[in-house]
Amino acid sequence: MAAVGTLEDEARKRKDRLRALNRKSRTENKGEITEEKKDPEPTEVGKLPRPVFRSYRPQDKELQESTLPRIKPGDAAEEVKVQLEAGKSEHIVNEVDLTTLAPRKPDWDLKRDVAKNIEKLERRTQKAIAELIRERLKENQSDLATAVNASEAIARVQVQDDDD
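Residue 154 in full-length UniProt numbering sits at position 154 of the sequence shown; the count goes up by one each step and never skips.
This is the structure:
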């Protein structure tokens, strides 16, 4: 930490610099004022400045000389047409991918994370179905065609359940 004495010295130096800058600016301002007084404008003493009329039309003919000419507004129709044509860009619409703009379902990340586990369970389910069919065949000794049809029906029901 800096000593208190050095901080006071720096503060004094800053104050001295500010005083010098003030003196310098005062002398420059006085010089400008004296120059203006030396070269007065060639105007008559006692004559008032003339008003400039922008939005008012005076009725006195002498004052009408000091009115500013009427300004005509620019033609904005051309500029508006150019801006409208620039805004009609079709290539931007074609470049946008609608899948990135469409909102996702709230559980899309859960489905992605669980997909591997579902595949494993699907294989196990198919094996269990096959074992059940074999057991029924052994028990009932029914024909093979009815068993295959039953397995297809079970598979369809599971696919429908997975879709829901």
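Backbone N, C-alpha and C define an ideal beta-carbon position, used for all residues, glycine too.
Original post:
Okay, do the segment 106-121 and the segment 142-157 touch, 3+ Cβ pairs below 8 Å being the bar?
Top reply: no
Original post:
Quick one: any contact between the segment 131-138 and the segment 146-156, if contact means 3 or more CB pairs under 8 Å?
Top reply: Yes, the segment 131-138 is in contact with the segment 146-156.
Original post:
How big is the Cα-Cα spacing for residue 22 and residue 7?
Top reply: 23 Å
Original post:
Across which residues does DSSP place residue 100 in a beta bridge pair?
Top reply: In the DSSP output, where bridge partners are listed per residue, residue 100 has none listed.
**OP:** Please state whether DSSP places residue 150 in a helix, a strand or coil.
**Re:** When DSSP states are grouped into helix, strand and coil, residue 150 belongs to the helix group.
**OP:** Give the straight-line distance between the Cα atoms of residue 48 and residue 26, rounded to the nearest whole angstrom.
**Re:** For residue 48 and residue 26, the distance between alpha carbons rounds to 31 Å.
**OP:** Report yes if the CB atom of residue 68 is closer than 9 Å to the CB atom of residue 50, and no otherwise.
**Re:** no
Original post:
Would you report the Cα separation of residue 115 and residue 108, rounded to the nearest angstrom?
Top reply: The alpha-carbon atoms of residue 115 and residue 108 are separated by roughly 11 Å.
Original post:
Between residue 169 and the rest of its own chain, which residues show a CB-CB distance below 8 Å, the 5 nearest in sequence each way excluded?
Top reply: Only positions 1 to 164 of the chain appear in the structure, and residue 169 is not among them; the question remains open.
Original post:
Should residue 147 and residue 136 be called a contact, given that it needs their Cβ atoms to be closer than 9 Å?
Top reply: Yes.
Original post:
Do residue 57 and residue 64 have their C-beta atoms closer together than 9 Å?
Top reply: yes
**OP:** Give the straight-line distance between the Cα atoms of residue 18 and residue 28, rounded to the nearest whole angstrom.
**Re:** About 15 Å.
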